[in-house]
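Taken in sequence, the protein lines are chains Y and C.
In this text, residue positions in the first sequence follow the working numbering: the first is 5, and each later residue adds one.
In this text, residue positions in the second sequence follow the working numbering: the first is 5, and each later residue adds one.
Every residue, glycine too, gets a C-beta built ideally from N, C-alpha and C.
Number of protein chains: 2
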Amino acid sequence: MGSVHVQPKERSASNGKRRDVHVAAGAGPRESGDKQTACARVLAVLSAFAATSGASLSLTDISRRAGLSLTTTHRLVGELTEWGALERHDRQYRIGIRVLELAASSTRGLELREIAMPYLMDLHAATKENVHLAVRAGLEIVYVERLHAPGGVEILSRIGGRWPLHATGTGLVLLAHAGYDVQEQVLSGPLQRFTSKTICDSRTLRQALAEVKRTRVAVTDGQITPGAVAIASPVHGADGEVVSAVGVVVPSNGFAPRGTERPPAGGWKQQTIVPAVVTTARRISRALGARH
Amino acid sequence: MGSVHVQPKERSASNGKRRDVHVAAGAGPRESGDKQTACARVLAVLSAFAATSGASLSLTDISRRAGLSLTTTHRLVGELTEWGALERHDRQYRIGIRVLELAASSTRGLELREIAMPYLMDLHAATKENVHLAVRAGLEIVYVERLHAPGGVEILSRIGGRWPLHATGTGLVLLAHAGYDVQEQVLSGPLQRFTSKTICDSRTLRQALAEVKRTRVAVTDGQITPGAVAIASPVHGADGEVVSAVGVVVPSNGFAPRGTERPPAGGWKQQTIVPAVVTTARRISRALGARH
């Protein structure tokens, strides 16, 4: 079976757009008017929940978001609830605990996070700042772990949250170590602007990536949140490939050591935090079986 | 749509048993020999991965575990990979990062965990022991978070892992606060034995549940792992219902304060840890909006 290749298809269920495929109510499980495959319809129902964290949705909501008839939605929601992918609560549906169980068996997701956790907690305890663990999914990063610092910078990350590669510290690390194709796709595409400091031209981004690859650390200043500096470093897997990135977000004003007048460029705290981030990334790499 | 009720169906895709539904290869997407619904087939493919953590499976493995023909498996795996539920790596498939994103929007799963995390980390730092956050799923608990103590008791928990209600500290808490139906189902069914200390008769279990409800804390000694004492307390949601349980696992030999000769029944450490667990559970309840 090794010769089977999966052909990319049109991303019908996953592009987040609402489709208006409504078929006659009561037409049964195989409505001829609905051009989606059965699998795509199941995924469309699940996608309805991906848009909003912690969402409880009614059958009508799900039907509208998934672009499916109420009849089809009702049938699929029933089966998904029975399996545990959805849970019913007060006539509303939400993502079920079975999905967490499934996520726990994801090598790149909760399993990576389980191995990395003790080191992330030490980094969090030592820095008292927001700590991230991220992996690349296409042209974005996905946060696998986030340890929030109660007094730290207010940032927008959450587990499962996605951000573009070019604008985040962990994203720059993962992009710098991605294949040529991925880099060219990002460099040739439009680069979304979040603040006046976001790197939005491909020339500057190319230089930044070379620097990240050379120094093994990315430092970005206010590219998504003004006043927040992100410091990130690569995590290697057993085969030496970069599988993840560890990052810390600190306030850009930093903390000046006693007796000094003004912080150096990049601030005091950032400079002292870089070795802690790099060390943590190396420790996690070793725990994953990497040999430096 | 409020009047729609979801009827329980036969749990075909979720009971973990292998079914030998093999249909003629090349029969296309709607094989007449396969009696499962299309949705059940999709879920059977996902279930193939739920059994083993971090599993990478070949198409043949998935086909065998799901009880589906290779043709059907190939087609569904292609669609699931395209959507991101599965990822392909060296001719093997594994659970994709998209499932983690979906799990992140689970109110009872990663969202609860996100709110509880700062308090769990404090409990972990204060006790230096294994810390758990669990929810009930049917007659079992599912761990939503586990903070591992490097020098702590070796325990078998992992995020997404399931255990019977009667044998775990968090399980006793959740069972004590579950409805009559759930309690009767557990009390009338066979109670699995893990060690010589596991509560396996319904009379003792009934007494234990009453005690847990009265004291707001469960203390179990070596019921799953010999030498491990579990201490757990209920977490309430905004509507006052018990939504989760926090637990700590400590060695049953405990630590005797200096100058004392022998620990009291239950050990020194357990006694000092009970208030910390109860406090943490109350703090998380408040963070969830509960009013005590």
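query: Using the Cα positions of L47/C and K201/Y, report the straight-line distance between them to the nearest angstrom.; result: 45 Å
query: Use the C-beta contact count for T172/Y: other C-beta atoms within 10 angstroms, 16 or more gives buried, fewer gives exposed.; result: buried
query: Helix, strand or coil for S289/C per DSSP?; result: helix
query: Tell me, please, which residues DSSP counts as bridged to A232/Y.; result: P255/Y
query: Closest by CA to R295/Y, which one among R117/Y, G241/Y, V254/Y and I277/Y?; result: G241/Y
query: Report yes if the C-beta distance between L50/C and A89/C is below 8 Å; otherwise report no.; result: yes
query: Thinking C-beta only, is R117/Y closer than 8 Å to V146/Y?; result: no
query: Taking the alpha-carbon positions, what's the F259/Y to L74/Y distance?; result: For F259/Y, the predicted structure reports a pLDDT of 45, less than 50, and the residue's modelled location is therefore unreliable. A value from the coordinates is still provided. Approximately 57 Å, taken between the alpha carbons.
query: Would you tell me roughly how many angstroms separate the C-alpha atoms of R102/Y and T219/C, rounded to the nearest one?; result: 31 Å
query: Would you please verify whether the beta carbon of H181/C is less than 8 Å from any beta carbon of chain Y?; result: no
query: Would you identify the three-state DSSP class for E133/C, choosing helix, strand or coil?; result: coil
query: Give the residues from the segment 137–149 of chain C that approach chain Y closer than 8 Å (Cβ to any Cβ), ordered along the chain.; result: V139, A141, V146 and V148
query: What does DSSP give as the partner residue(s) for P238/Y in the beta ladder?; result: A249/Y
query: Do you know how far the Cα of V81/Y is from the Cα of A28/C?; result: Residue placement at A28/C is flagged as unreliable, the pLDDT there being 33, under the threshold of 50; the coordinate-derived value follows with that caveat. The alpha-carbon atoms of A28/C and V81/Y are separated by roughly 29 Å.
query: Measure the C-alpha to C-alpha separation of I277/C and E149/C and round it to an integer number of angstroms.; result: 19 Å
query: Which term fits H93/C, buried or exposed, when burial requires 16 or more other beta carbons within 10 angstroms of its beta carbon?; result: exposed
query: Return the bridge partner residues of I145/Y from the DSSP annotation.; result: R140/Y and W167/Y
query: How would you call G293/C, buried or exposed, if buried means at least 16 neighbouring beta carbons within 10 angstroms?; result: exposed
query: Under 7 Å Cβ to Cβ from A212/Y, same chain only, skipping five residues before and after it: list those, please.; result: L176 and I203
query: Listed from N- to C-terminal order along the chain, which residues in the segment 98–112 of chain Y have their beta-carbon within a distance smaller than 8 Å of any beta-carbon of chain C?; result: R98, I99, G100, I101, R102, V103, L104, E105, L106, A107, A108, S109, S110, T111 and R112
query: Say the cut is 7 Å; is the CB of H170/Y nearer than that to a heavy atom of the ligand NAP?; result: Ligands in the displayed structure: none, and consequently the ligand NAP is not present.
query: Which word fits A232/C, buried or exposed, when buried means at least 16 other C-beta atoms lie within 10 angstroms of its C-beta?; result: buried
query: Hey, would you say V223/Y sits closer than 8 Å to I235/Y, going by beta carbons?; result: yes
query: Check for me: the beta strand (DSSP E) holding L90/Y runs from which residue to which?; result: L90 to H93
query: Using the Cα positions of R162/Y and G183/C, report the straight-line distance between them to the nearest angstrom.; result: 33 Å
query: Determine the contact status of V253/Y and E133/Y, defining contact as a CB-CB distance below 8 Å.; result: yes
query: Short of 8 Å Cβ to Cβ, which residues in the segment 84–96 of chain Y face chain C?; result: L84, T85, E86, W87, G88, A89, E91, R92 and R95
query: So if I threshold CB-CB distances at 7 Å, which residues from the segment 283–296 of chain Y count as touching chain C?; result: none
query: So the alpha helix (DSSP H) V49/Y belongs to, where does it begin and stop?; result: A42 to A54
query: Could you tell me the alpha carbon to alpha carbon distance between L84/Y and G164/C, rounded to whole angstroms?; result: 18 Å
query: Could you tell me if Q11/Y is buried or exposed, where buried requires 16 or more neighbouring beta carbons within 10 angstroms of its beta carbon?; result: For Q11/Y, the pLDDT reaches just 35, beneath the cut-off of 50, and the residue's location in the model is therefore unreliable, although a value from the coordinates is still provided. The residue in question, Q11/Y, is exposed, as its Cβ has fewer than 16 Cβ neighbours within 10 Å.
query: Using the rule of at least 16 other Cβ atoms within 10 Å of the residue's Cβ for burial, across every protein chain shown, is T64/Y buried or exposed?; result: exposed
query: Would you mind working out which of Q196/Y, A59/Y, T111/Y and P238/Y sits nearest L106/C, comparing C-alpha positions?; result: A59/Y
query: Measure from the alpha carbon of H152/Y to the alpha carbon of each residue in G193/C, M125/C and S62/C, then state which is nearest.; result: M125/C
query: According to a CB-to-CB cut-off of less than 8 Å, which residues of the segment 160–180 of chain C neighbour chain Y?; result: R162, I163, G164, G165 and R166
query: Within the 8 Å Cβ cut-off, does T199/Y reach chain C?; result: no
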